[in-house]
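Notes follow once the structure below has been shown.
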Amino acid sequence: MQEKIDQGSVEEGFGKLIVFSDGHGKQGELNDDKSDGKVELAEPPKEGMVFPIIEDVVRLYNKYAYGVGFEIISCSLYKRDDGVTWKYKYACVRQGWSISKGKYKLTKQSCCGCAAGLTAQLSNDIKWHLTKVQLEHNHKVGPSKSRFYHCNRSISTATKRRLDLNDTVGILVAKSYMAEFVLAGGIENLTYSERDLHNHLNESRRLRLGIGDAEAIF
29 MQEKIDQGSV EEGFGKLIVF SDGHGKQGEL NDDKSDGKVE LAEPPKEGMV
79 FPIIEDVVRL YNKYAYGVGF EIISCSLYKR DDGVTWKYKY ACVRQGWSIS
129 KGKYKLTKQS CCGCAAGLTA QLSNDIKWHL TKVQLEHNHK VGPSKSRFYH
179 CNRSISTATK RRLDLNDTVG ILVAKSYMAE FVLAGGIENL TYSERDLHNH
229 LNESRRLRLG IGDAEAIF
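So the numbering used here is basically just the index in the sequence shown, starting at one, shifted up by 28.
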């Protein structure tokens with residue numbers, strides 16, 4: 029089973045505190061807020077780290093991936109006979125191999141056998157322990173494109189409010205987008221694209237008009 033990590037999917041989903049320990053009593057905390065495009069870099073995950081909940085494992089790994097410049101997926105999970113999940117495996121999105129058939133060609137994001145990833149296992153203390161961590165990638169990584177990955181894209185509540193207000197007075201999305209990257213201090217600090225703003229407005233208009241009147245927006 030492979031599933032891309034969705035931690036926001038262009039919605040408010042950040043600003044949560046990540047709690048962990050190094051397995052030797054040392055505690056740590058990180059804030060995973062990406063809403064202003066300026067992210068506190070996470071320390072690399074290490075074998076022996078302990079987390080109270082699996083969501084903290086995902087957030088730390090996603091935060092680390094954001095700083096390094098790659099996307100992560102949930103590639104497998106293991107359940108006991110009673111249905112309780114006791115182990116998760118997360119990996120670089122380019123793990124495995126892609127097979128090119130016919131006219132379809134491999135893309136830059138295609139699988140290339142990357143072994144980077146980690147395994148988190150539920151222990152007797154009802155906490156999640158990192159039992160295996162592989163940090164090295166067999167392909168180029170870089171943080172410059174991290175904000176474009178689906179798992180890192182988000183629109184803050186304040187931005188949504190400004191966008192909705194601008195839309196009600198007839199300001200085009202392109203102008204709103206330009207104003208937002210000025211406020212953010214540069215387009216490189218935005219965690220969403222102009223298309224994301226269009227998608228948000230389309231949904232907002234549907235909610236305002238009602239599903240039956242959705243055609244009126246076109």
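The C-beta atom is built at its ideal place from N, Cα and C for all residues, glycine as well.
- At the C-beta level, Leu105 and Tyr89 stay beyond 9 Å of one another.
- Distance between His165 and Glu216, taken at the CA atoms: about 24 Å.
- Taken atom to atom, the span from the alpha-carbon of Tyr118 to that of Ser221 is near 26 Å.
- If you ignore the 5 residues before and after Thr187, its C-beta comes within less than 7 Å of the C-beta of Glu208, all in its own chain and listed in chain order.
- Annotation for Leu191: Ser204, Leu225, His228 and Leu229 place their beta carbon closer than 7 Å to its own, counting only its chain and skipping 5 residues before and after.
- In the three-state scheme derived from DSSP, where H, G and I count as helix and E and B as strand, Lys173 is classed as helix.
- The criterion of a C-beta distance shorter than 9 Å is satisfied by Glu99 and Asn180.
- Under the DSSP assignment, Gly145 falls in the beta strand (DSSP E) whose first and last residues are Gly145 to Leu150.
- If you compare the alpha carbons of Asp153, Tyr94 and Ser182 with that of Cys120, the shortest gap goes to Tyr94.
- In the DSSP annotation of this structure, the continuous segment of the alpha helix (DSSP H) that includes His228 starts and ends at Glu222 to Leu237.
- Your pair Ala144 and Gln162 checks out as a contact, with CB atoms roughly 5 Å apart and the cut at 8 Å.
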